[in-house]
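Start counting the sequence shown at 0; every next residue gets the next number (numbering that gives the first Met the number 0).
Ideal Cβ placement from N, Cα and C applies to all residues, glycine included.
This one's a predicted model, so the numbers in the text were calculated from it and none came from an experiment.
Below is one structure, written out as structure tokens, with a few remarks after it.
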Amino acid sequence: MNNVLEEIEKWKLKKNALIVAHNYQPGYIQDIADIVGDSLELSKLAKETSAPEIVFCGVKFMAETAKVLSPEKNILIPKIDAECDLAKSISLKDLDCLKEKYPNAPVVCYVNSTLEMKANSNYCCTSSNALKVVESIPEDTVIFVPDKGLGSWIKQKSYKNIILHPGKCPVHWDLSIDEIEQTCKSYPGAPLLTHPESNSAVRDRSDFVGGTGGMINFVKNTDFTHYIIATDVGMIHRLKKLNPKKDFILAAENISCRDMKKISTQDVLSSLKEEQYLINIDPELSKKALMAINKMMEITA
Ligand code: 13P
Ligand code: SF4
0 MNNVLEEIEK WKLKKNALIV AHNYQPGYIQ DIADIVGDSL ELSKLAKETS
50 APEIVFCGVK FMAETAKVLS PEKNILIPKI DAECDLAKSI SLKDLDCLKE
100 KYPNAPVVCY VNSTLEMKAN SNYCCTSSNA LKVVESIPED TVIFVPDKGL
150 GSWIKQKSYK NIILHPGKCP VHWDLSIDEI EQTCKSYPGA PLLTHPESNS
200 AVRDRSDFVG GTGGMINFVK NTDFTHYIIA TDVGMIHRLK KLNPKKDFIL
250 AAENISCRDM KKISTQDVLS SLKEEQYLIN IDPELSKKAL MAINKMMEIT
300 A
């Protein structure tokens, strides 16, 4: 074991800390984490653990959600500039415009959003429960922010009038169906797994559409030799580790979220040693965001 890894182990024990990593983190970060999972799973687990300190290897909105759910814990993110282009694709002003135009429509906010956005929404949702959350709402018209990918996917499936904001995750929305078709041709019979943040041409071509946790379950419950994965390359490492006898092919070249690749093992060590970067959130915003998150939890309990 190299020095950095030994030091991480030492500091983790010393501080009784837990390292959690999102499924999109590079393999070397997933391998040092105590828990690897999807965004909501990690926040929930961060709440359930008795560890007083959590090093969250992911992007900022995930660490913030963990802090909202566990305000008494030290939540650390090793790189403070690990953000999310989708979360940044909407401003409060954009949301206010939508609310003005549709004053009676409740707002559903995808968890991939800033704390401010969650605090100004009625409900939160994840990719796995968005349809359930939307359909549980009594009103017929619902504002969905910030992702037009997940929003349009729900719109295809729901009888509700869904008002979309044109935000996107560039990693998924900009995937090329032609490139994916080429990969599918090379592996006939292999199922294509995509994330709902993708464009509709990609989603419609898929055998499974779902979040990273859903993809893991799909692979676990099916018996193909090859799977074509149209999401961040970190998932290839995760799936291979869980299913060593199956093969996973990235659907297009270099599907990778740059913000998810910012954290190094040295950053994790510095995070533990120097408590950087501590997530601090405004208590009022946190209280309001928690209301939207709790509504989602109640609906999906
Ligand atoms: P999951 O919630 O499916 O883990 O995805 C998070 C994400 O950032 C997707 O782009
Ligand atoms: Fe955000 Fe997209 Fe990266 Fe997920 S993959 S963290 S939605 S930019």
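(message) For the ligand SF4, I want to know if residue 171 counts as a neighbour, meaning its beta carbon is within less than 7 Å of at least one of the ligand's heavy atoms.
(response) Within the sequence shown, residue 171 is the residue found at index 172, counting from 1. Because some heavy atom of the ligand SF4 lies under 7 Å away, the Cβ of residue 171 counts as near it: yes.
(message) Quick test of the definition: if touching needs 3 or more C-beta pairs under 8 Å, does the stretch 249-264 touch the stretch 166-182?
(response) yes
(request) Grab me the residues of residue 207's own chain with a C-beta within less than 8 Å of its C-beta, minus the 5 sequence neighbours each way, in chain order. (result) The sequence position of residue 207 within the sequence shown is 208, counting from 1. 190, 191, 192, 193, 213, 214 and 217, listed in sequence order.
(request) Please check if any C-beta of chain C sits within less than 8 Å of the C-beta of residue 217. (result) Of the protein chains in the structure, only one exists, and it is not chain C.
(request) Quick one: measure Cβ to Cβ for residue 116 and residue 149, integer angstroms, because I've assumed they're closer than 8 Å. (result) Here the question's residue 116 lines up with position 117 in the sequence shown. Here the question's residue 149 lines up with position 150 in the sequence shown. Not confirmed; about 14 Å, so no contact.
(request) Mind reading off the beta-carbon distance from residue 134 to residue 157? Whole number of angstroms is fine, and I expect it under 8 Å. (result) Reading the sequence shown from its first residue, position 135 is the one you call residue 134. Reading the sequence shown from its first residue, position 158 is the one you call residue 157. Yes, residue 134 and residue 157 are in contact; Cβ-Cβ is about 6 Å, under 8 Å.
(request) Output the distance between the C-alpha atoms of residue 62 and residue 75, rounded to the nearest integer angstrom. (result) Here the question's residue 62 lines up with position 63 in the sequence shown. Here the question's residue 75 lines up with position 76 in the sequence shown. The alpha-carbon atoms of residue 62 and residue 75 are separated by roughly 7 Å.
(message) Please classify residue 102 as buried or exposed, where buried requires at least 16 other C-beta atoms within 10 Å of its C-beta.
(response) Position 103 of the sequence shown, counted from the start, is the residue given in the question as residue 102. The residue in question, residue 102, is exposed, as its Cβ has fewer than 16 Cβ neighbours within 10 Å.
(request) Classify residue 100 as buried or exposed, calling it buried when 16 or more other Cβ atoms lie within 10 Å of its own Cβ. (result) Position 101 of the sequence shown, counting from 1, holds the residue named residue 100. Exposed, since its Cβ has fewer than 16 Cβ neighbours within 10 Å.
(request) Taking 8 Å as the threshold, find out whether the stretch 86-93 comes into contact with the stretch 40-49 through three or more Cβ pairs. (result) no
(message) Tell me the DSSP secondary structure of residue 235 in three-state form.
(response) Here residue 235 refers to the residue found at position 236 of the sequence shown. Here residue 235 sits in helix by DSSP.
(message) For a quick check, are the C-beta atoms of residue 233 and residue 22 less than 8 Å apart?
(response) Within the sequence shown, numbered from 1, the residue matching residue 233 stands at position 234. Within the sequence shown, numbered from 1, the residue matching residue 22 stands at position 23. For residue 233 and residue 22, yes; Cβs fall inside 8 Å.
(message) Which of the three DSSP states is assigned to residue 293 in this structure?
(response) For the purposes of this step, residue 293 is identified with residue 294 of the sequence shown, where counting begins at 1. If DSSP states are grouped into helix, strand and coil, residue 293 belongs with the helices.
(message) Would residue 110 and residue 142 qualify as a contact pair, given that the criterion is a beta-carbon distance under 8 Å?
(response) Against the sequence shown, residue 110 aligns to sequence position 111. Against the sequence shown, residue 142 aligns to sequence position 143. No, the Cβ-Cβ distance between residue 110 and residue 142 is not below 8 Å.
(message) Using CA atoms only, rank isn't needed, just tell me which of 5, 45, 3 and 1 is closest to residue 18.
(response) On the sequence shown, residue 18 is found 19 positions in, with the first residue counted as 1. Residue 45 is the option with its Cα nearest to residue 18.
(message) Any heavy atom of the ligand SF4 inside 7 Å of the beta-carbon of residue 58?
(response) The count along the sequence shown starts at 1 and reaches residue 58 at position 59. Residue 58 Cβ: within cutoff of the ligand SF4.
(message) On a Cα-Cα basis, can you pick out the residue from 270, 126, 257 and 154 that is closest to residue 196?
(response) The residue labelled residue 196 in the question sits at position 197 within the sequence shown. With distances taken between Cα atoms, residue 196 lies closest to 126.
(message) Does the contact criterion of 3 or more C-beta pairs under 8 Å hold for the stretch 254-269 versus the stretch 280-299?
(response) no
(message) Could you check if residue 63 belongs to the surroundings of the ligand 13P, using beta carbon to heavy atom distance under 7 Å?
(response) Position 64 of the sequence shown, counting from 1, holds the residue named residue 63. No, the ligand 13P has no heavy atom inside 7 Å of this Cβ.
(message) For a quick check, are the C-beta atoms of residue 266 and residue 11 less than 8 Å apart?
(response) One-based indexing of the sequence shown puts residue 266 at position 267. One-based indexing of the sequence shown puts residue 11 at position 12. Going by C-beta atoms, residue 266 is not nearer than 8 Å to residue 11.
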